[in-house]
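Asks: The structure is given below, and queries will be raised subsequently.
Number of protein chains: 2
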Amino acid sequence: MFSKACEYAIRAMVLIAKESKLGRTVSLTEIATGIDSPPSFTSKVLQMLVKANLLDSVKGAHGGFRLSPARIVGITLKDIVHCVDGDSVYLGCGLGLKQCSEKNPCPFHDSFKKIRDELKIMLEETTLVHLSERLDSGQSILKRA
Amino acid sequence: MFSKACEYAIRAMVLIAKESKLGRTVSLTEIATGIDSPPSFTSKVLQMLVKANLLDSVKGAHGGFRLSPARIVGITLKDIVHCVDGDSVYLGCGLGLKQCSEKNPCPFHDSFKKIRDELKIMLEETTLVHLSERLDSGQSILKRA
DNA sequence: CCTTATCCGGACAATTTTGTCCGAATTAAA
DNA sequence: TTTAATTCGGACAAAATTGTCCGGATAAGG
Numbered sequence: 001m002f003s004k005a006c007e008y009a010i011r012a013m014v015l016i017a018k019e020s021k022l023g024r025t026v027s028l029t030e031i032a033t034g035i036d037s038p039p040s041f042t043s044k045v046l047q048m049l050v051k052a053n054l055l056d057s058v059k060g061a062h063g064g065f066r067l068s069p070a071r072i073v074g075i076t077l078k079d080i081v082h083c084v085d086g087d088s089v090y091l092g093c094g095l096g097l098k099q100c101s102e103k104n105p106c107p108f109h110d111s112f113k114k115i116r117d118e119l120k121i122m123l124e125e126t127t128l129v130h131l132s133e134r135l136d137s138g139q140s141i142l143k144r145a
Numbered sequence: 146m147f148s149k150a151c152e153y154a155i156r157a158m159v160l161i162a163k164e165s166k167l168g169r170t171v172s173l174t175e176i177a178t179g180i181d182s183p184p185s186f187t188s189k190v191l192q193m194l195v196k197a198n199l200l201d202s203v204k205g206a207h208g209g210f211r212l213s214p215a216r217i218v219g220i221t222l223k224d225i226v227h228c229v230d231g232d233s234v235y236l237g238c239g240l241g242l243k244q245c246s247e248k249n250p251c252p253f254h255d256s257f258k259k260i261r262d263e264l265k266i267m268l269e270e271t272t273l274v275h276l277s278e279r280l281d282s283g284q285s286i287l288k289r290a
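Those sequence lines, one after another, are chains C and R. Quick note on the numbering used here: the first sequence kicks off at 1 and runs consecutively. Quick note on the numbering used here: the second sequence kicks off at 146 and runs consecutively.
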C-alpha cells in the first residue's frame, strides 16, 4: 500500500507530534528508537518532510525535529503520503494503466475508484491530532512492544 | 497498491478469459501484445498462476493459455492478488507494524481497517466474468489505445 | 574559542522488484 | 521424422527501493 519510506514518515510524524505537544524537540536517534526504524534511512525521509515544509528541524546541539501547534492540527495523512509516495495510491489506476479514466476505463475502474475515493477521504480527514491523541492515551502503538 | 507483476497477472487473466469464452487458446505473444506488457516477465507471472492452478497451459505448437468456463466464473480478483502479491494488501497493517492488531492497534488501525475490509470484499466479489464482460462490450480497455 | 551534539548532503552498498535471454521439453503439422 | 511453435526453468541483468557511512555545517554550553 505505502512504501517503507512512507510508513516511517507517518510513524515519525505521529511521534514528533506527540512530543511537540509537550514542548519537546526530538532528535533523530530518539525517533528511530521510538518507531523502531533504521536511523540513517529515517533521516532521509525526515529531510524530505522538512524540504516540503511539513516539519521543522533545529540544527546544532540540542537540535532535532518538531511541529508547531498549527501544523499538528493542519497536517493530514494525505500531506505526508503525497510528499513521500506521490498521489498514485489514491489517484492511480488499479491496473497501472495511465490511459485509464472515466471515458476510457479499465475493467475494474468503477469498483476500484470507490475504494480509492474512500482512501483519499480518510487520508484527508485524518490529522496528526487524531493520531497522536491515541498515542497519548496509550490506546495505540508505533512499534512492537 | 499492487505490484507490477500483479497488475500484469490481472490484465492477462481478463484477456485470457475473454478469448477462452470464444474457445481460443492465447499464446504468450498475444497476451503481451494485448495487455502491453514485457513478454518474458509476463511469462514468469503466468507460470505462477499455472502453478497455483488458476490457469491452464497447453504446451507445444498451437499451445498457449486458457481458462475453463468454470474458472472464468469462479476465479476472483482476490485469488489472483493472493497468488502473486500475498495477502498483505487487504490484511496487513497500514503502517507496516506486524504487532498491530485489535488489541494492540497502531494509531490509524481503525480507519484503515475499514478501507482494507472494503477492498477485500471488492476483490472477493469481482470475478473474471464481470471483468471480461466489460471488455466484450467495448466498455473498457486493457492497454493504451 | 573549543568541544560536543546534532542536522544535512552526497556517495556508496544491499536488497527487492522488474525485466531479459537461452536452452530444454513438448506437441501439432507437414 | 523433421520442423516450427510454443511453454518451462534457470541464470543473468537492470532498475528501483531500502539502507549505511562519512564529512561538512551549525549551534549550544562551558
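Ideal placement from N, C-alpha and C gives every residue a C-beta, glycine not left out.
By a C-beta neighbour count over all protein chains shown, 10 Å radius and 16 as the cutoff for buried, is LYS178/R buried or exposed?
Replies: The amino acid at residue 178/R is misidentified as Lys; the sequence shows Thr. When all chains shown are included, THR178/R counts as exposed.
Asks: Counting Cβ pairs, one atom from each stretch, are 3 or more of them under 8 Å apart for the stretch 71-90 of chain C and the stretch 34-42 of chain C?
Replies: Short answer: they don't touch.
Asks: Name the DSSP beta bridge partners of ASP56/C, please?
Replies: In DSSP, ASP56/C forms a bridge with ARG66/C.
Asks: Check whether the Cβ of THR126/C lies closer than 9 Å to any Cβ atom in chain R.
Replies: At least one chain R Cβ lies under 9 Å of THR126/C.
Asks: Grab the span of the alpha helix (DSSP H) containing PRO105/C for me, first residue to last.
Replies: First-last for PRO105/C: undefined, no H or E at that position.
Asks: Which residues bound the alpha helix (DSSP H) around SER233/R?
Replies: 233-236 is the span of the alpha helix (DSSP H), which, as asked, contains SER233/R.
Asks: Short of 8 Å in beta carbon distance, which residues of its chain neighbour LEU142/C, apart from the five on each side in sequence? Order them along the chain.
Replies: ARG11, VAL14, LEU15, GLY34, ILE35, ASP36 and LEU135.
Asks: Assuming GLY60/C contacts GLU152/R (C-beta within less than 8 Å), just tell me the rounded distance between them.
Replies: About 47 Å; that fails the 8 Å criterion.
Asks: Given this structure, state the Cα-to-Cα distance separating ILE63/C from ILE31/C, to the nearest angstrom.
Replies: Note that residue 63/C is Gly in the sequence shown, not Ile. GLY63/C and ILE31/C: Cα-Cα distance of roughly 13 Å.
Asks: For LEU293/R, collect the residues of the same chain with a Cβ closer than 6 Å to its Cβ; drop the 5 residues on either side in sequence, then sort them by chain order.
Replies: The question about residue 293/R has no answer here: the residues shown for chain R are numbered 146 through 290.
Asks: Residues of chain C with a CB under 7 Å from the CB of ILE176/R: which are they?
Replies: Per Cβ cutoff of 7 Å: no residues; ILE176/R is ~14 Å from chain C at best.
Asks: Return no unless some Cβ of chain C is closer than 9 Å to the Cβ of ASN198/R.
Replies: Chain C, which has no Cβ nearer than 9 Å to the Cβ of ASN198/R, makes this no.
Asks: So, is LYS259/R buried or exposed, given that buried needs 16 or more other C-beta atoms within 10 angstroms?
Replies: Exposed is the call here.
Asks: Taking the alpha helix (DSSP H) that ALA108/R falls in, what are its first and last residues?
Replies: The structure shown has nothing for residue 108/R, since chain R only spans 146 to 290.
Asks: Could you check if SER43/C is buried or exposed, using at least 16 other CB atoms within 10 Å of its CB as the buried criterion?
Replies: Classification for SER43/C: exposed.
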